[in-house]
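Read the structure below first, then the notes.
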Amino acid sequence: MSIEGAFDLIVVGGGTAGCVVAARASEDPALRVLLVEAGPDPRPIPDIVADPKRQSELILKSPYVRMYDVAREDGSTFPLLSGRIMGGGSSINNLAVVRPMRRDFDAWTQFGGPVWSYDALLPLMRAIETDRDFGDSPIHGSAGPLQLHRSFKLDDPADPPVRALIEAALALGLPACPDLNVPEPYGICASPYNVENGRRQSTAVAYLDPARDRPNLTILSDTTAMRLVVNGTRVDGVELARATGPVVVRSASVVLAAGVFHSPQLLMLSGIGPSDELARHRIPVRHHLPGVGTNYQDHAVVYVTFQGTTDLREDYVIPKVRLIAKSDDTMDHPDLHVFMRPSIRMRGLPPMLPVSIHLLEHRSRGNVALQSANPTDLPVVDPALLSHPRDVRALVGGIAVASRLAAHPALAAFYGALLTPGSPDAWEEHVRTSYITYYHGVGTCRIGPAQDPGAVVDSGLRVHGMDNLWVADASVLPVIPHANTNLAAILVGEVAAQAIARA
Amino acid sequence: MKLSGGIEIGAPADQVWTLIIDPVSLSSCIPGVSHVRQIDERTFEGSITVSVGPVDGDFDFNSTLVRREFPDLEVRLEGIDSVTKSRLEATVVASLTSSDPSHTGLAYLATISVRGRLAILGEMILRATAGLIIAELTRCLQARLEGSGIGVGKTDGP
Ligand SMILES: Cc1cc2nc3c(=O)[nH]c(=O)nc-3n(C[C@H](O)[C@H](O)[C@H](O)COP(=O)(O)OP(=O)(O)OC[C@H]3O[C@@H](n4cnc5c(N)ncnc54)[C@H](O)[C@@H]3O)c2cc1C
């Protein structure tokens with residue numbers, strides 16, 4: 001694999017968005033593209049990655065998951081996760097394919113202008129997907145690289161507890177939502193997944209595999225970008241650490257797609273970031289950009305547990321249905337995902353049935369900072385989840401939603417009393433001390449105009465003040481969507497590829 | 001992660017004390033615990049099996065009585081789970097109080113830390129199960145010490 005000479009484009013990070021950028025950019029045979037991924041690129045893809053049934057094992061045991069320990073206000077800790085393998089998050093995630101809502105595009109438009117509106121991006125969203133269920137519709141695609149389908153439709157025959165959940169949700173006034181990728185989804189929804197013939201459709205599979213044989217695309221796995229070689233307002237290349245030793249590879253343009261934790265880390269290691277943070281680590285300031293690493297957002301999750309009257313074995317990773325619900329009936333839009341989870345069993349105890357409640361908004365803002373100037377040290381993340389009282393209230397409202405559902409006669413055959421947290425007095429404390437995340441970090445290199453001090457990239461994803469440096473991953477999203485984030489990251493990759501081609 | 005609470009038992013404090021400082025008797029009151037073996041006066045080991053959906057895991061632990069001065073007890077527990085090979089460490093501090101000679105309150109505070117992948121699911125499992133485990137432990141201690149004899153040594157749930 002030759003990395004001699006200069007490339008036209010280096011893509012740093014072969015994650016969800018990086019694979020998209022590398023595949024799209026290398027469609028132009030005149031462009032010499034290098035894709036660099038810190039993790040491995042195992043081929044054939046091991047079963048533990050490809051087979052959705054092994055998802056729990058993948059997360060709990062495989063070497064492809066990176067953990068970032070973070071603290072709650074009370075000092076207790078929990079991990080954030082990312083994928084460290086070709087495909088990044090899309091190779092280890094829970095495979096749900098969920099579009100941002102129309103209101104998310106409206107929010108992004110405030111920062112990035114009309115190119116980020118729902119209507120402007122609908123053609124790209126259609127071009128990304130082959131939706132096996134709704135492909136032939138004005139809002140869906142039937143010829144894109146990402147295969148997706150719903151393994152279950154709301155009126156399919158289903159296990160009694162799933163039918164009962166649907167019945168209870170409808171009885172409580174939630175509408176049926178057969179397609180949650182409409183602009184304003186709400187209700188009891190059939191869940192779409194990127195699985196084809198029982199195999200995961202990561203972006204390494206959907207985008208990179210068809211491009212691998214192109215002579216103008218070079219792929220380096222097990223290779224970590226240590227820093228960018230910055231020369232005034234230009235990046236001349238990237239310093240890489242390979243098993244054989246360090247090497248500098250030159251390129252006309254560079255795209256950072258190292259994800260919400262590592263794209264800001266690489267910018268800062270290269271002297272692009274808040275000058276005080278750089279000074280703290282004695283990194284020479286090449287370009288003071290105060291927004292780098294700020295604006296971290298994620299989705300907080302709480303688990304509650306009901307006494308089970310039966311041993312519910314509903315699939316943990318691929319729940320057939322999800323509730324898109326409101327934490328408060330007076331809201332004009334839904335702000336929660338709610339899932340029934342499989343039972344926990346312990347000898348001597350009745351089965352316990354967890355329900356997970358996922359808040360789709362984040363009012364406060366966290367940040368990603370450097371632990372040190374050493375590129376191999378993980379960055380330090382303060383997600384600042386639930387530091388806003390309304391976010392706490394929303395999750396408490398979510399517990400009420402879950403309790404109302406579980407108490408509905410249709411579900412009484414499966415769900416008993418709420419065990420954890422017991423009485424409503426204990427709900428807020430439970431939320432504050434036990435929340436984890438949906439693993440949907442975004443925002444640390446956000447879009448915005450040059451005069452906006454928190455902005456890192458412009459609406460075409462080019463880094464402010466730099467001529468030939470782009471960021472293309474979930475870190476550019478200025479506001480977290482009311483949705484899982486993989487599809488948004490794919491969309492960012494598509495937007496970046498178009499913007500770079502135009503530049 | 002911290003778990004705290006209290007248990008009320010209708011028995012004198014010295015009887016409660018005798019039971020809780022005997023690891024084999026105490027663990028027979030804790031659901032899910034098996035293969036308990038006393039190693040020496042202060043140390044014992046055992047195993048807990050938990051299943052979450054399709055994943056079955058055993059947690060093998062080793063436990064040491066760090067402090068045993070009536071009415072205060074401190075137990076340190078460390079173990080490794082069979083699925084993720086992660087390490088869990090816990091310190092449980094328990095203290096007995098009695099307002100009258102035939103009633104004893106047992107207050108406890110458990111401080112638990114999980115290192116490694118188990119942290120992804122472990123806390124949720126601990127919180128989910130803690131309430132029922134404590135309820136079962138209470139029921140078992142009451143049954144043994146309040147003289148009814150029902151449930152003595154029994155770990156099968158309701
Ligand atoms: C456990 C889990 C479950 C999830 N479930 C879902 C889901 O069901 N549906 C959904 O929509 N979203 C889900 N998500 C979120 C989604 O997967 C992410 O938002 C998405 O993958 C982010 O894509 P990205 O391109 O921004 O970054 P990533 O996919 O994280 O890509 C970054 C890549 O850069 C590489 N990298 C980092 N630093 C360097 C360096 N210095 N040099 C070279 N390479 C580097 C990393 O190894 C990685 O491959 C989940 C995430 C996790 C962690």
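Sequences listed follow chains A and B, in order.
Take 1 as the starting number for the first sequence in the working numbering and just add one per residue.
Take 1 as the starting number for the second sequence in the working numbering and just add one per residue.
We treat Cβ as the ideally placed atom computed from N, Cα and C, and that holds for glycine.
Nothing here was measured: the structure is a model prediction, and the numbers come from that model.
### Task
Answer with buried or exposed for Asp-179/A, where buried requires no fewer than 16 other C-beta atoms within 10 angstroms of its C-beta.
Within the first sequence, residue 179/A is the residue found at index 179, counting from 1. Classification of Asp-179/A: buried, given that the 10 Å Cβ count is 16 or more.
### Task
Measuring only between beta-carbons, confirm whether Tyr-303/A sits less than 8 Å from chain B.
As a first step, residue 303/A must be located in the first sequence, where it is residue number 303. Nearest CB-CB separation between Tyr-303/A and chain B: below the 8 Å threshold.
### Message
Give me the residue from Ala-496/A, Arg-462/A and Glu-37/A with the minimum Cα distance to Ala-243/A.
### Response
Reading the first sequence from its first residue, position 243 is the one you call residue 243/A. Comparing Cα-Cα distances from Ala-243/A to each of Ala-496/A, Arg-462/A and Glu-37/A, the minimum goes to Glu-37/A.
### Query
Is the Cβ-Cβ distance between Gly-32/B and Met-346/A less than 8 Å?
The sequence position of residue 32/B within the second sequence is 32, counting from 1. The sequence position of residue 346/A within the first sequence is 346, counting from 1. With contacts defined by Cβ atoms closer than 8 Å, Gly-32/B and Met-346/A form a contacting pair.
### Integer-rounded CB distance, given that Gly-291/A should sit under 8 Å from Pro-453/A
One-based indexing of the first sequence puts residue 453/A at position 453. One-based indexing of the first sequence puts residue 291/A at position 291. Pro-453/A to Gly-291/A, Cβ: 7 Å. Contact.
#### Entry: Three-state secondary structure (DSSP) of Phe-70/B
For the purposes of this step, residue 70/B is identified with residue 70 of the second sequence, where counting begins at 1. Correct three-state label for Phe-70/B: coil.
### Query
Along chain B, which residues have their Cβ under 9 Å away from the Cβ of Ser-56/A?
Translated into positions along the first sequence, residue 56/A becomes position 56. Within chain B, the residues near Ser-56/A are Val-52, Gly-53, Pro-54, Val-55, Val-83 and Leu-121.
### Message
Is Ile-436/A near ligand 1 - that is, is its Cβ less than 7 Å away from at least one heavy atom of it?
### Response
Along the first sequence, read from residue 1 onward, the residue named residue 436/A stands at position 436. No.
### Task
Measure from the C-beta of Gly-32/B to each C-beta in chain A and report whether the shortest distance is under 8 Å.
The residue given as residue 32/B occupies position 32 in the second sequence. Taking Cβ atoms only, chain A reaches closer than 8 Å to Gly-32/B, which makes this a yes.
### Query
Any heavy atom of ligand 1 closer than 7 Å to the Cβ of Leu-267/A?
Locating residue 267/A in the first sequence gives position 267, counting from the first residue. No, ligand 1 has no heavy atom inside 7 Å of this Cβ.
### Query
Using the beta-carbon of each residue, which ones in chain A are nearer than 8 Å to Thr-49/B?
The sequence position of residue 49/B within the second sequence is 49, counting from 1. Around Thr-49/B, the beta-carbon contacts reaching into chain A at under 8 Å are Met-346 and Arg-347.
### Task
Pick helix, strand or coil for Cys-140/B, following the three-state DSSP scheme.
Mapped onto the second sequence, residue 140/B falls at position 140. Reduced to three states, the DSSP call for Cys-140/B is helix.
### Query
Is Thr-420/A near Thr-305/A, with beta carbons less than 8 Å apart?
On the first sequence, residue 420/A is found 420 positions in, with the first residue counted as 1. On the first sequence, residue 305/A is found 305 positions in, with the first residue counted as 1. Cβ distance < 8 Å, so Thr-420/A and Thr-305/A count as in contact.
### Query
CB of Gly-13/A to nearest heavy atom of ligand 1: below 7 Å?
As a working mapping, residue 13/A is identified with position 13 in the first sequence. It does: the Cβ of Gly-13/A is within 7 Å (strictly closer) of some heavy atom of ligand 1.
### Query
Shorter than 8 Å from the beta carbon of Phe-78/A to some beta carbon of chain B?
Here residue 78/A is taken as the residue at index 78 of the first sequence, counted from 1. Chain B has a Cβ within less than 8 Å of the Cβ of Phe-78/A.
### Task
Could you tell me whether any non-hydrogen atom of ligand 1 is closer than 7 Å to the CB of Leu-95/A?
Counting from 1 along the first sequence, the entry for residue 95/A is found at position 95. Because some heavy atom of ligand 1 lies under 7 Å away, the Cβ of Leu-95/A counts as near it: yes.
#### Entry: Beta-carbon gap between Ala-241/A and Leu-146/A smaller than 8 Å
Residue numbering aside, residue 241/A sits at position 241 when the first sequence is read from its first letter. Residue numbering aside, residue 146/A sits at position 146 when the first sequence is read from its first letter. No, the Cβ-Cβ distance between Ala-241/A and Leu-146/A is not below 8 Å.
### Task
Give me the Cα-Cα distance between Leu-312/A and Tyr-303/A, rounded to the nearest whole angstrom.
Counting from 1 along the first sequence, the entry for residue 312/A is found at position 312. Counting from 1 along the first sequence, the entry for residue 303/A is found at position 303. A straight line joining the alpha-carbon of Leu-312/A with that of Tyr-303/A spans about 16 Å.
### Query
Does the distance from the CB of Gly-493/A to the CB of Val-20/A come in under 8 Å?
Position 493 of the first sequence, counted from the first residue, corresponds to residue 493/A. Position 20 of the first sequence, counted from the first residue, corresponds to residue 20/A. Less than 8 Å divides the Cβ of Gly-493/A from the Cβ of Val-20/A.
### Query
Would you say Val-12/A and Leu-370/A are within 8 Å of each other, going by their C-beta atoms?
For the purposes of this step, residue 12/A is identified with residue 12 of the first sequence, where counting begins at 1. For the purposes of this step, residue 370/A is identified with residue 370 of the first sequence, where counting begins at 1. Cβ atoms of Val-12/A and Leu-370/A: not closer than 8 Å.
### Message
Does the region 89-101 of chain B come into contact with the region 53-60 of chain B, if we say contact requires no fewer than three beta-carbon pairs (one atom in each stretch) closer than 8 Å?
### Response
The count of Cβ pairs closer than 8 Å, one atom from the region 89-101 of chain B and one from the region 53-60 of chain B, stays below three, leaving the stretches out of contact.
### Message
If the criterion is Cβ atoms closer than 8 Å, does the pair Leu-9/A and Ile-500/A meet it?
### Response
Taking the first residue of the first sequence as 1, we reach residue 9/A at position 9. Taking the first residue of the first sequence as 1, we reach residue 500/A at position 500. The answer is yes: Cβ separation under 8 Å.
### Query
Under the three-state reduction of DSSP, which class applies to Lys-85/B: helix, strand or coil?
Working through the second sequence from its first residue, we reach residue 85/B at position 85. Three-state DSSP puts Lys-85/B in coil, outside helix and strand.
### Residue from Thr-218/A, Arg-99/A and Val-260/A whose Cα sits closest to the Cα of Asp-41/A
What you label residue 41/A is simply residue 41 of the first sequence in a count that begins at 1. For Asp-41/A, the closest alpha carbon among the candidates Thr-218/A, Arg-99/A and Val-260/A is that of Thr-218/A.
### Query
DSSP three-state call for Leu-477/A: helix, strand or coil?
Translated into positions along the first sequence, residue 477/A becomes position 477. When secondary structure is reduced to three states using DSSP, Leu-477/A falls in the coil class, being assigned neither helix nor strand.
### Query
Leaving out the 5 sequence neighbours to the left and right, which residues in its chain are closer than 8 Å to Ser-51/B when beta-carbon positions are compared?
Here residue 51/B corresponds to residue number 51 of the second sequence, with the count starting at 1. Hits under 8 Å: Gly-57.
#### Entry: Buried versus exposed, by CB contacts within 10 Å (16 or more), Arg-84/A
Mapped onto the first sequence, residue 84/A falls at position 84. Buried, since its Cβ has 16 or more Cβ neighbours within 10 Å.
### Query
Count the other CB atoms within 10 Å of the CB of Lys-320/A; is the residue buried (16 or more) or exposed (fewer)?
By one-based count along the first sequence, residue 320/A stands at place 320. Lys-320/A is buried by the Cβ-count criterion.
### Message
Could you check if His-262/A belongs to the surroundings of ligand 1, using beta carbon to heavy atom distance under 7 Å?
### Response
Against the first sequence, residue 262/A aligns to sequence position 262. Checking the Cβ of His-262/A against ligand 1 gives yes.
### Query
Mind listing which residues of the region 425-436 of chain A have their C-beta closer than 7 Å to chain B's C-betas, in chain order?
Answer set for the region 425-436 of chain A: Ser-434.
### Query
Pick from Cys-140/B, Lys-85/B, Leu-145/B and Leu-141/B: whose alpha carbon is nearest that of Ala-119/B?
For the purposes of this step, residue 119/B is identified with residue 119 of the second sequence, where counting begins at 1. Of the candidates Cys-140/B, Lys-85/B, Leu-145/B and Leu-141/B, the residue whose Cα lies closest to the Cα of Ala-119/B is Lys-85/B.
### Task
Buried or exposed for Gly-443/A, please, with buried defined as at least 16 other CB atoms from any protein chain shown within 10 angstroms of its CB.
The sequence position of residue 443/A within the first sequence is 443, counting from 1. With 16 or more Cβ atoms within 10 Å of its Cβ, Gly-443/A is classed as buried.
#### Entry: Sheet register partners of Lys-2/B (DSSP bridge)
Within the second sequence, numbered from 1, the residue matching residue 2/B stands at position 2. In the DSSP output, where bridge partners are listed per residue, Lys-2/B has Thr-111/B.
### chain A within 8 Å of Arg-127/B, Cβ atoms only
As a working mapping, residue 127/B is identified with position 127 in the second sequence. At least one beta carbon of chain A lies nearer than 8 Å to the beta carbon of Arg-127/B.
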